[in-house]
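Asker:
Protein chains: 2
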Amino acid sequence: MYRSHSCGELRTSDINKEVTLSGWVQKTRDKGFMIWVDLRDRFGITQLIFDEQRTSSDVMENARTLGREFVIQVKGTVIERESKNPNMVTGDIEILVNDLQILNDALVPPFTIEDETDGGEDIRMKYRYLDIRRNPVKNSLLFRHQVAMKVRNYLSEEGFVEVETPYLIKSTPEGARDFVVPSRMNEGQFYALPQSPQTFKQLLMVGGMDKYFQIVKCFRDEDLRADRQPEFTQIDCEMAFVEQEDILNIFEGLTRHLIKDIKGQDISEFPRMTYDEAIRTYGNDKPDIRFGMKFGELNEVTQHKEFKVFNDAELVVGIAVPGGASYTRKEIDKLIDWVKRPQVGALGMVYVKCNEDGSFKSSVDKFYDQEDLTKWAEITGAKAGDLICILSGQTNKVRGQLSALRMELAERLGLRNPEEFAPLWVIDFPLLEWDEETERYHAMHHPFTSPKPEDIPLLDTKPGDVRANAYDLVLNGNEIGGGSIRIHNKETQALMFDHLGFTPEEAKAQFGFLMDAFQYGAPPHGGIAFGFDRLVAILGGQETIRDFIAFPKNNSGRDVMIDAPANIDQEQLKELHIKLDM
Amino acid sequence: MYRSHSCGELRTSDINKEVTLSGWVQKTRDKGFMIWVDLRDRFGITQLIFDEQRTSSDVMENARTLGREFVIQVKGTVIERESKNPNMVTGDIEILVNDLQILNDALVPPFTIEDETDGGEDIRMKYRYLDIRRNPVKNSLLFRHQVAMKVRNYLSEEGFVEVETPYLIKSTPEGARDFVVPSRMNEGQFYALPQSPQTFKQLLMVGGMDKYFQIVKCFRDEDLRADRQPEFTQIDCEMAFVEQEDILNIFEGLTRHLIKDIKGQDISEFPRMTYDEAIRTYGNDKPDIRFGMKFGELNEVTQHKEFKVFNDAELVVGIAVPGGASYTRKEIDKLIDWVKRPQVGALGMVYVKCNEDGSFKSSVDKFYDQEDLTKWAEITGAKAGDLICILSGQTNKVRGQLSALRMELAERLGLRNPEEFAPLWVIDFPLLEWDEETERYHAMHHPFTSPKPEDIPLLDTKPGDVRANAYDLVLNGNEIGGGSIRIHNKETQALMFDHLGFTPEEAKAQFGFLMDAFQYGAPPHGGIAFGFDRLVAILGGQETIRDFIAFPKNNSGRDVMIDAPANIDQEQLKELHIKLDM
Chain Y
109 MYRSHSCGEL RTSDINKEVT LSGWVQKTRD KGFMIWVDLR DRFGITQLIF
159 DEQRTSSDVM ENARTLGREF VIQVKGTVIE RESKNPNMVT GDIEILVNDL
209 QILNDALVPP FTIEDETDGG EDIRMKYRYL DIRRNPVKNS LLFRHQVAMK
259 VRNYLSEEGF VEVETPYLIK STPEGARDFV VPSRMNEGQF YALPQSPQTF
309 KQLLMVGGMD KYFQIVKCFR DEDLRADRQP EFTQIDCEMA FVEQEDILNI
359 FEGLTRHLIK DIKGQDISEF PRMTYDEAIR TYGNDKPDIR FGMKFGELNE
409 VTQHKEFKVF NDAELVVGIA VPGGASYTRK EIDKLIDWVK RPQVGALGMV
459 YVKCNEDGSF KSSVDKFYDQ EDLTKWAEIT GAKAGDLICI LSGQTNKVRG
509 QLSALRMELA ERLGLRNPEE FAPLWVIDFP LLEWDEETER YHAMHHPFTS
559 PKPEDIPLLD TKPGDVRANA YDLVLNGNEI GGGSIRIHNK ETQALMFDHL
609 GFTPEEAKAQ FGFLMDAFQY GAPPHGGIAF GFDRLVAILG GQETIRDFIA
659 FPKNNSGRDV MIDAPANIDQ EQLKELHIKL DM
Chain S
109 MYRSHSCGEL RTSDINKEVT LSGWVQKTRD KGFMIWVDLR DRFGITQLIF
159 DEQRTSSDVM ENARTLGREF VIQVKGTVIE RESKNPNMVT GDIEILVNDL
209 QILNDALVPP FTIEDETDGG EDIRMKYRYL DIRRNPVKNS LLFRHQVAMK
259 VRNYLSEEGF VEVETPYLIK STPEGARDFV VPSRMNEGQF YALPQSPQTF
309 KQLLMVGGMD KYFQIVKCFR DEDLRADRQP EFTQIDCEMA FVEQEDILNI
359 FEGLTRHLIK DIKGQDISEF PRMTYDEAIR TYGNDKPDIR FGMKFGELNE
409 VTQHKEFKVF NDAELVVGIA VPGGASYTRK EIDKLIDWVK RPQVGALGMV
459 YVKCNEDGSF KSSVDKFYDQ EDLTKWAEIT GAKAGDLICI LSGQTNKVRG
509 QLSALRMELA ERLGLRNPEE FAPLWVIDFP LLEWDEETER YHAMHHPFTS
559 PKPEDIPLLD TKPGDVRANA YDLVLNGNEI GGGSIRIHNK ETQALMFDHL
609 GFTPEEAKAQ FGFLMDAFQY GAPPHGGIAF GFDRLVAILG GQETIRDFIA
659 FPKNNSGRDV MIDAPANIDQ EQLKELHIKL DM
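Residue numbers (our numbering), protein chains in the order written: chain Y, 109 to 690; chain S, 109 to 690.
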């Protein structure tokens, strides 16, 4: 037995007990006649004391050889500390050591194993097993486990059943790129790794396995943007005999439960907003509503004068920055530079200072009078002391730019408090979106999403206007979940494939099994999937997912610790009936 | 809202309630003036009644169009049944229908959706979504979920933390074949899907993430034997600062908890048996100890006469079949034919009838006298009325043959009661096993398993005799779990790789990251992995895993429902830098 207790559990009530502890040397302090060692394991840190007067000389000597991260086992007596440390749960006691075994020595780690480390991202990823020893990473992984348990227990108590769907499935050309797996036994054929268990969960509904969920790995071979992973985890859910309202209620319940249980915060009914309203009011479909700065559309009150920039614009739109009237000219110029960065892409910015005396001072005073500016302030909700920032141009672009500015300003103003939680349902997503590259409509959610029945006639005339029974759950400006009510009859599904440019043959080859299934008594059904990595990160008060994943990959999809992917040998390729084509 | 209640919840206390139910038509009975419909959903079956006197004529008419597996929604009143059905939980009530909506019609299913179906395996797999509607499959999947929840909650309460390890890892030539995944972003390189999270869980231990578990999919590209799947689920566990005894205790606790919680059976301390003893006494390393018929080795008491078959044999070994003395000559001949089948491969069988009067009658009376046979009976534990079956030949082969016979007889004698649970630890497995094909030693468990320290000197002299700190948990003749104490220092790991025929360069290329990790303070650690599919099947009282997997693959590794694997297009291959080689 390597230990009688963990390094996190001894208290004053254990004083005088003989104990055995094992762990890592966090640090040592050698005063000559006394040596203190902080011993660490997953459960905490306990201070060891070696004392010339009370510890045998060979144990003392051995203790002097200890380096950081050595793995040791000690036996000793729990004693009361002379100078207690109220910041440690074990801070009232220490272990007077009488026996020391070095279980394994350790090279000096390439970065310090401390909460604040000196290691950069790259080195920490290469030695991820050392990084995990650090509290911030360790605690993130423990937190992830807690959230997963809470999700599973909640859904299970609500009558959901976790069903494992297969990982070796079939490639579909729709959507993102699949990772594929050559089959040795089926020459020339390939499995694909699932981008989501979408079709399987729908087949489970056809199979009567109502109220399905699964916490499951999914795979997407995308060019990785920052904070995306080629493999990621989803909470995947589906229910039969439901309408959108049922889904929203159940998963609002789950999210409310998590926020309450983990953060102790009571959130009442989640607000809902249509996709159109979100786009119009916040410039994007996942608005952070922890703060205001809502968009005010200013076309009507700006396009009546000689200011060509506004007159030529498809959209003139502004936000009121709280307290921004006090910005210096230099600060405002910097803000203008910020919106002109290529990542944002605005051509310029018009601003209006709302003075405390009720007057206005703008960068376009040449064109607009106080009466005009009063209207702008009204529409953007600007109060005395605020700064109105106005962008103009092509509608979609300018909305994206102003949205970026709004988020940046909120960040600077400290309005994005990670301990505040503001969930929001965004509903009535468009069914289709136009893809410039392929010059056709794509399914915005996926090809199984049902159009709103009343919009179906528009499929032939204005496909872009057809709304779907699709919804996203947004938390603090992040999409944490999304789903839809699915199509459940063969005719509608065929119509949908047709509008997505599938020939009947292609549809049959790709999704024949689903269309077949719809003939044998498919119930109405719908579902939702949560991005678990991101949900955990946000609940953990962070915006990057990497530290909530034990072994993440870098932006080239590489695991730099194990050095994967890697070459494989010719023999293996041959067995798989493939060769390299480089 | 599609329903106010499920089809499994209405009782007499609900009588007079107005309810809405949705589900599938299980069956209809049309008596002209009355129609009964059994309506089914995941939660149960509720009887609907349409009555000419009380139901409107258009609803009656509509009800007459209902076929099996139609999906419908009804509104009606809960009423007391005239003839109650005590076999159904909803059998005291029925729904007098006043409104009927057909939500989806259904073709006649290709097999009956009944507990006992007329569909063969192939058709059921092709239409698995219909098969899942059947109670035996549905209940198996619900049961699997319950077991998974119990495992997770038990381990979590014991302080274990579930950590997700990556699915896109690196191929290793050791062990079974990997499935590989070509990388688009890393030209010419491949990921592999994990055969188990072995190295990652060891790295988690090095990372201080003590007490890890994960219920996780694993992948093996093996030629599939019956009841094996290319993707399977493991309960994967690892702990730091443990010895074998700690692991056995903790996971004996888990298994005992599951058997108690699920089956209501109290199992006291699990027996333990060394690998050698298991092989000697039962002819295999996963003995079913629900029944006796232990092997009696008879060399000493058979090789002193003129019977050449025994005299030439490396091993003469027998079992006593309870009550077998009453077998007719014909029955015994059939048994002899059975052991001579190519799948078993014995050349013949000697038998001894133990008569009720204490005398013996054997097939080798020519060579042996009653005194000899008395000794055989003693050694095999045969009592009056038993039949001793004796096989002889090359030790390994004959043990396998007699083990097969023992299992077959137990099956015939009804000794393999699926509701009885007899767990067993098999310990002290050999570290290495000789592989005839490659003419070298392979790791019996895996190359990270630690040899017993006292056996390390044998590595150079008698490698086959070195015992490992490795153990299997056997339940009713099935290996349900296996694990080991791992090597945790670089030198021993290098020694092990050396004995497995790795050059230092190969070892570094394959497992350099693990050897590196061992330099930075690796704790003693060990673990176990349970085959979750099989565990669930056995706890569910069955021996085949297929019905406990929602979407299993067939023996060619195909998913016949979605028709995967499948061809992928040239464009996709090109992006992945591979081409077919057929």
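Backbone N, C-alpha and C fix where the C-beta goes; we use that ideal spot for every residue, glycine too.
Using only alpha-carbon positions, find the residue among Y:E679, Y:P194, Y:C345, Y:L129 that is nearest to Q306 (chain Y).
Answerer: As a first step, residue 306 (chain Y) must be located in the first sequence, where it is residue number 198. If we check each option's Cα against that of Q306 (chain Y), Y:C345 comes out closest.
Asker: Hey, would you say F640 (chain S) sits closer than 8 Å to A576 (chain S), going by beta carbons?
Answerer: Reading the second sequence from its first residue, position 532 is the one you call residue 640 (chain S). Reading the second sequence from its first residue, position 468 is the one you call residue 576 (chain S). It is not a contact, given that the beta carbons lie outside the stated cut-off.
Asker: Could you tell me whether any Cβ in chain Y is nearer than 8 Å to the Cβ of F605 (chain S)?
Answerer: Looking up residue 605 (chain S) in the second sequence gives position 497. For F605 (chain S), the answer is no, since every Cβ of chain Y falls outside 8 Å of its Cβ.
Asker: Applying the criterion that 16 or more other CB atoms from any shown protein chain within 10 Å of the CB defines a buried residue, is P531 (chain Y) buried or exposed?
Answerer: As a working mapping, residue 531 (chain Y) is identified with position 423 in the first sequence. Burial call: buried.
Asker: Are the C-beta of R380 (chain Y) and some C-beta of chain S separated by less than 8 Å?
Answerer: Here the question's residue 380 (chain Y) lines up with position 272 in the first sequence. No, because no Cβ of chain S sits closer than 8 Å to the Cβ of R380 (chain Y).
Asker: On the DSSP letters alone, give me the boundaries of the beta strand (DSSP E) that A428 (chain S) sits inside.
Answerer: As a first step, residue 428 (chain S) must be located in the second sequence, where it is residue number 320. Where A428 (chain S) is concerned, the enclosing beta strand (DSSP E) stretches over 423-429.
Asker: Ignore the nearest five residues each way along the sequence and tell me which others in L510 (chain S)'s own chain have a CB closer than 6 Å to its CB.
Answerer: Here residue 510 (chain S) refers to the residue found at position 402 when the second sequence is read from its first residue. Here the set comprises G391, V425, L499.
Asker: So what's S291 (chain S) in DSSP terms, helix, strand or just coil?
Answerer: The count along the second sequence starts at 1 and reaches residue 291 (chain S) at position 183. Coil.
Asker: Going along the chain, which residues of its own chain have a beta-carbon closer than 6 Å to the beta-carbon of D159 (chain Y), five neighbours each way excluded?
Answerer: On the first sequence, position 51 is the one that residue 159 (chain Y) refers to. So the list reads M142, once near-sequence residues are dropped.
Asker: Consider the Cβ of A256 (chain Y): report whether some Cβ of chain S lies at a distance smaller than 8 Å.
Answerer: Position 148 of the first sequence, counting from 1, holds the residue named residue 256 (chain Y). For A256 (chain Y), the answer is yes, since a Cβ of chain S falls inside 8 Å of its Cβ.
Asker: Does DSSP put Q478 (chain S) in a helix, in a strand, or in coil?
Answerer: As a position in the second sequence, residue 478 (chain S) is number 370, starting the count at 1. Q478 (chain S) falls in the helix class under three-state DSSP.
Asker: Going along the chain, which unbroken runs of the alpha helix (DSSP H) with 4 or more residues stay wholly within the region 451-497 of chain Y?
Answerer: Qualifying alpha helix (DSSP H) stretches, in chain order: 478-488.
Asker: Beta-carbon separation of L174 (chain Y) and V205 (chain Y) under 8 Å?
Answerer: Here residue 174 (chain Y) is taken as the residue at index 66 of the first sequence, counted from 1. Here residue 205 (chain Y) is taken as the residue at index 97 of the first sequence, counted from 1. No, these two residues do not count as a Cβ contact at 8 Å.
Asker: Could you tell me whether the Cβ of G296 (chain S) comes closer than 8 Å to any Cβ of chain Y?
Answerer: To locate residue 296 (chain S), count along the second sequence from 1; it is residue 188. By this cut-off, G296 (chain S) is an interface position.
Asker: If you measure between the beta carbons of A630 (chain Y) and H596 (chain Y), is that distance less than 8 Å?
Answerer: Taking the first sequence and counting its residues from 1, one reaches residue 630 (chain Y) at position 522. Taking the first sequence and counting its residues from 1, one reaches residue 596 (chain Y) at position 488. Against a cut-off of 8 Å, the Cβ pair of H596 (chain Y) and A630 (chain Y) comes out as a contact.
Asker: Taking the alpha carbon of Y476 (chain Y) as the reference point, which residue from Y:E414, Y:V259, Y:F251, Y:K368 has its own alpha carbon closest?
Answerer: To locate residue 476 (chain Y), count along the first sequence from 1; it is residue 368. Checking every option, the nearest Cα to that of Y476 (chain Y) belongs to Y:E414.
Asker: For a quick check, are the C-beta atoms of R172 (chain Y) and P217 (chain Y) less than 8 Å apart?
Answerer: Indexing the first sequence from 1 puts residue 172 (chain Y) at position 64. Indexing the first sequence from 1 puts residue 217 (chain Y) at position 109. Not a contact, by the Cβ cut-off of 8 Å.
Asker: Return the bridge partner residues of Y579 (chain S) from the DSSP annotation.
Answerer: Position 471 of the second sequence, counted from the first residue, corresponds to residue 579 (chain S). Looking at the DSSP assignment, Y579 (chain S) forms a beta bridge with S:I535, S:G591.
Asker: Nearest by alpha-carbon distance to G316 (chain S): which of Y:L567, Y:D239, Y:N419, Y:Q352 is it?
Answerer: Within the second sequence, residue 316 (chain S) is the residue found at index 208, counting from 1. For the residues Y:L567, Y:D239, Y:N419, Y:Q352, the minimum Cα distance to G316 (chain S) belongs to Y:D239.
Asker: Taking just the CA atoms, how far does I636 (chain Y) sit from L647 (chain Y)?
Answerer: Taking the first sequence and counting its residues from 1, the one referred to as residue 647 (chain Y) is at position 539. Taking the first sequence and counting its residues from 1, the one referred to as residue 636 (chain Y) is at position 528. Their backbone Cα atoms lie some 19 Å apart in a straight line.
Asker: What would DSSP say about E562 (chain S), mapped onto helix, strand or coil?
Answerer: Here the question's residue 562 (chain S) lines up with position 454 in the second sequence. Here E562 (chain S) sits in helix by DSSP.
Asker: Please list, in chain order, all residues of the same chain as N586 (chain S) whose beta carbon is under 7 Å from its beta carbon, the five residues on each side excluded.
Answerer: To locate residue 586 (chain S), count along the second sequence from 1; it is residue 478. Cβ within range, chain order: K394, R642, I646.
Asker: In whole angstroms, what separates the C-alpha of G466 (chain Y) from that of L406 (chain Y)?
Answerer: Taking the first residue of the first sequence as 1, we reach residue 466 (chain Y) at position 358. Taking the first residue of the first sequence as 1, we reach residue 406 (chain Y) at position 298. Straight-line Cα distance between these residues: approximately 20 Å.
Asker: Any C-beta of chain Y sitting closer than 8 Å to the C-beta of F340 (chain S)?
Answerer: In the second sequence, counting from the first residue as 1, residue 340 (chain S) sits at position 232. It does not: the Cβ of F340 (chain S) has no partner Cβ on chain Y nearer than 8 Å.
Asker: Going by C-alpha to C-alpha distance, which of Y:A672, Y:A674, Y:G665 sits closest to F340 (chain Y)?
Answerer: Against the first sequence, residue 340 (chain Y) aligns to sequence position 232. When each option's Cα is compared against that of F340 (chain Y), the closest is Y:G665.
Asker: Rounded to whole angstroms, what is the Cα-Cα separation between G649 (chain Y) and P526 (chain Y)?
Answerer: Against the first sequence, residue 649 (chain Y) aligns to sequence position 541. Against the first sequence, residue 526 (chain Y) aligns to sequence position 418. Each residue's alpha carbon lies about 5 Å from the other.
Asker: Determine whether the Cβ of N597 (chain S) lies closer than 8 Å to any Cβ atom of chain Y.
Answerer: Numbered from its first residue, the second sequence carries residue 597 (chain S) at position 489. At least one chain Y Cβ lies under 8 Å of N597 (chain S).
Asker: Is the CB-CB distance between E188 (chain S) and I231 (chain S) below 8 Å?
Answerer: Mapped onto the second sequence, residue 188 (chain S) falls at position 80. Mapped onto the second sequence, residue 231 (chain S) falls at position 123. Contact: no.
Asker: On the criterion of 16 or more Cβ atoms from any shown chain inside 10 Å, does G184 (chain Y) qualify as buried, or is it exposed?
Answerer: Reading the first sequence from its first residue, position 76 is the one you call residue 184 (chain Y). Buried.
Asker: Under 9 Å Cβ-Cβ, which residues of chain Y neighbour K246 (chain S)?
Answerer: The count along the second sequence starts at 1 and reaches residue 246 (chain S) at position 138. By Cβ distance, chain Y contributes G315, G316, M317.
Asker: Between the C-alpha atoms of M109 (chain Y) and R514 (chain S), what's the straight-line distance to the nearest angstrom?
Answerer: Position 1 of the first sequence, counted from the start, is the residue given in the question as residue 109 (chain Y). Position 406 of the second sequence, counted from the start, is the residue given in the question as residue 514 (chain S). About 39 Å.
Asker: So within the region 604-677 of chain Y, which uninterrupted alpha helix (DSSP H) runs reach at least 4 residues, ignoring any that extend past its ends?
Answerer: Fully enclosed alpha helix (DSSP H) runs of 4 or longer: 612-625, 640-647.
Asker: Can you pull the chain Y residues whose beta carbon is under 9 Å from the beta carbon of F178 (chain S), in chain order?
Answerer: Against the second sequence, residue 178 (chain S) aligns to sequence position 70. Those within 9 Å of F178 (chain S) in chain Y are G629.
Asker: Does the pairing of the region 271-280 of chain Y with the region 658-674 of chain S give three or more beta-carbon distances under 8 Å?
Answerer: Touching, yes, given that three or more Cβ pairs across the two stretches are closer than 8 Å.
Asker: Can you give me, in chain order, the residues of the region 337-371 of chain Y that have a beta carbon less than 8 Å from any beta carbon in chain S?
Answerer: Flagged, chain order: P338, E339, T341, A348, F349, V350, E351, E353, D354.
Asker: Here's the rule I'm using: 16 or more other beta-carbon atoms within 10 Å means buried, otherwise exposed. How should G431 (chain S) be labelled?
Answerer: The residue you call residue 431 (chain S) lines up with position 323 of the second sequence. By the 10 Å Cβ count, G431 (chain S) comes out exposed.
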